[in-house]
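Working notes for the structure below.
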Amino acid sequence: MLDVNKELRGLVSEDGAVQDRRIYWDQEIFELELERIFARSWLFLTHESQIPNPGDFFTTYMGQDRVIVARAADGTVKAFVNSCAHRGNQVCYADSGNVRSFVCNYHGWAYGLDGSLAGVPLEKEAYYGEINKSELGLIPARVESYRGFLFGTFDPQAPSLPEYLAEMAWYLDSFMAVPGGAELLGPPIKVRIKANWKFFAENFIGDWYHVGWTHAAGCTVIGGVTAAVKGNVRPAPGYQISTNFGHGFNAAFLPDGSVPSLHQGEIERRYAEWVKSREKVIAQELGEWRSKLYNAVWDATIFPNCSFLRGIDTWKVWQVRGPRELEVWTWTLVEKEMPDDLKEMIRHTNEKTFGAAGLLEGDDGENMEGNTWTAEGYITRKRPLYAGMGRGHERSHPALPGLLNTDQATSELAHRRFLKFWSQMICAESWDEIIEAQHRLAATAPSPRSDEDRAAAMGK
Ligand code: FES
Ligand SMILES: [Fe+2]
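By the count of numbering that gives the first Met the number 0, the sequence shown reaches residue 459 at its end, each step adding exactly one.
The following block contains the structure:
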């Protein structure tokens, strides 16, 4: 048994750079993740556009809990655990659809679109009218929407979704608060990979380092901003940004202001045309910085297990299946006001690169399985892992929230802060403790190094 107070605190070093490999392997630590990370965080469910009408539903997971997300008759979105209060059967086996109620296969208990128990066969005759249906609804989760992106949490003490997204929300607005907003195209593609979920979350939060190496062959095919880093000959131009509550991302810019993307040919041309046509209005509504971020390739993670890439426009959830396996769910991220044929072109790039047989998905999956399964070795497992790239070079920025690496996007700042927050969450007894630990961390954040530095940052 792990001693939570002694041993857990040592699993990740104070600055997040060194990690005990058991956090990517151990069943006992995974059980704690279910309790302390997945049952307490805001987890991505789906996009509102996927369930537009009353009766529409989508089935997903929150941690390993099976969950139904449904639009109720009054138009509100509810989420509840997909397990009957009678003998536990799954009450809905479909991935999505439209229903008037959820009726359990086993004995026919019927639940409303809000998860309440509406009907019990033989209620009078066999239960003698003594069953208290109001206590036997499906276990509810809190649901909140951020600009149409639906998240759920099981924890009544968790801060509101905007408080949880915090500084990251300011950045997300660069593409979610554009005229018309953003949406996802579904249904998600689902792939099983035998790896620990955190390797993927870290990879998406800021691993430009692997792009030119792991994907060297893919970079040749894709071209653009990836071709510039092929073979790891130079760091990626741009910023790495880590915000509070463990979220973070890379924004890679092209120095000449042209539109970086991983689209190709006609799709690249149409995408670039679209981005350029929106830059001005975004600058007016959201300011110059977010207009600049709008015209960047992003790789990002919203803590704990939702990641996305802008400029390739894939949106992922790393669904956990134990410490050594996950299911990767992939949607396509588009802007609502894009013409339909452009949306379909973007879906095509996403499927070609990050779908089930995607050009880049396969490269990553192989690495993540290697990262995970080498820990099978008893001696191997004793060697901690190291994510110290750029340590001490992070700084705050006069115009941009969070901590940044502004020299280049190639850094492991966001890895460290993701893992640091993971550690804070896994050690904390309550959300009050988590928030206090975040405040302590923020108080130690470095400020811009000098006036010249500040001026240079403002000019960038
Ligand atoms: S298990 Fe659902 S009705 Fe019996
Ligand atoms: Fe990758």
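For every residue, glycine included, the Cβ atom is placed at its ideal position computed from N, Cα and C.
Is residue i a contact residue of ligand 1, with contact defined as CB to any heavy atom under 7 Å?
{"i": "N88", "result": "yes"}
{"i": "Y105", "result": "yes"}
{"i": "W207", "result": "no"}
Is any heavy atom of ligand 2 found at a distance shorter than 7 Å from the C-beta of residue i?
{"i": "V210", "result": "yes"}
{"i": "N349", "result": "no"}
{"i": "E261", "result": "A quick correction: the sequence has Leu, not Glu, at residue 261. False, no ligand heavy atom lies under 7 Å from that Cβ."}
{"i": "D362", "result": "yes"}
{"i": "L184", "result": "no"}
{"i": "L358", "result": "no"}
{"i": "N202", "result": "yes"}
{"i": "H414", "result": "no"}
{"i": "T213", "result": "yes"}
Mind checking which residues open and close the beta strand (DSSP E) that includes residue i?
{"i": "T45", "result": "42-46"}
{"i": "T313", "result": "313-319"}
{"i": "M167", "result": "M167 -> not in any beta strand (DSSP E); alpha helix (DSSP H) instead, spanning 166-175."}
{"i": "I192", "result": "181-192"}
{"i": "M367", "result": "It is not in any beta strand (DSSP E) - M367 instead sits in the alpha helix (DSSP H) that spans 360-372."}
{"i": "K77", "result": "76-80"}
{"i": "Y60", "result": "55-61"}
{"i": "V66", "result": "64-70"}
{"i": "F96", "result": "The question names Phe, yet the displayed sequence has Gly at residue 96. Where G96 is concerned, the enclosing beta strand (DSSP E) stretches over 95-97."}
Within the continuous alpha helix (DSSP H) that includes residue i, where are the two ends?
{"i": "T213", "result": "210-213"}
{"i": "D298", "result": "No alpha helix (DSSP H) holds D298; the beta strand (DSSP E) holding it covers 296-301."}
{"i": "F199", "result": "196-205"}
{"i": "M337", "result": "M337 -> no alpha helix (DSSP H), and no H or E assigned at all."}
{"i": "L31", "result": "26-32"}
{"i": "S276", "result": "264-285"}
{"i": "M424", "result": "412-426"}
{"i": "I434", "result": "430-442"}
Can you have a look at residue i and say buried or exposed, based on whether 16 or more other CB atoms are within 10 angstroms of its CB?
{"i": "K503", "result": "Because residue 503 is not part of the residues shown, which for the chain are 0 to 459, the question remains open."}
{"i": "G211", "result": "buried"}
{"i": "E201", "result": "buried"}
{"i": "T443", "result": "exposed"}
{"i": "I378", "result": "exposed"}
{"i": "G15", "result": "buried"}
{"i": "Q63", "result": "exposed"}
Taking DSSP's pairing of strands, which residues face residue i in a bridge?
{"i": "Q239", "result": "N249, N404"}
{"i": "C305", "result": "I301, V316"}
{"i": "G118", "result": "A109"}
{"i": "G151", "result": "L42, V142"}
{"i": "E326", "result": "R191, Q318"}
{"i": "Q18", "result": "V11, L384"}
Assuming residue i contacts residue j (C-beta within less than 8 Å), just tell me the rounded distance between them.
{"i": "L10", "j": "R21", "result": "7 Å"}
{"i": "G147", "j": "E47", "result": "4 Å"}
{"i": "F101", "j": "Y92", "result": "In fact, because the Cβ distance is near 10 Å, the residues do not count as touching under 8 Å."}
{"i": "T152", "j": "S40", "result": "6 Å"}
{"i": "W207", "j": "V220", "result": "The Cβ separation is near 18 Å, so there is no contact."}
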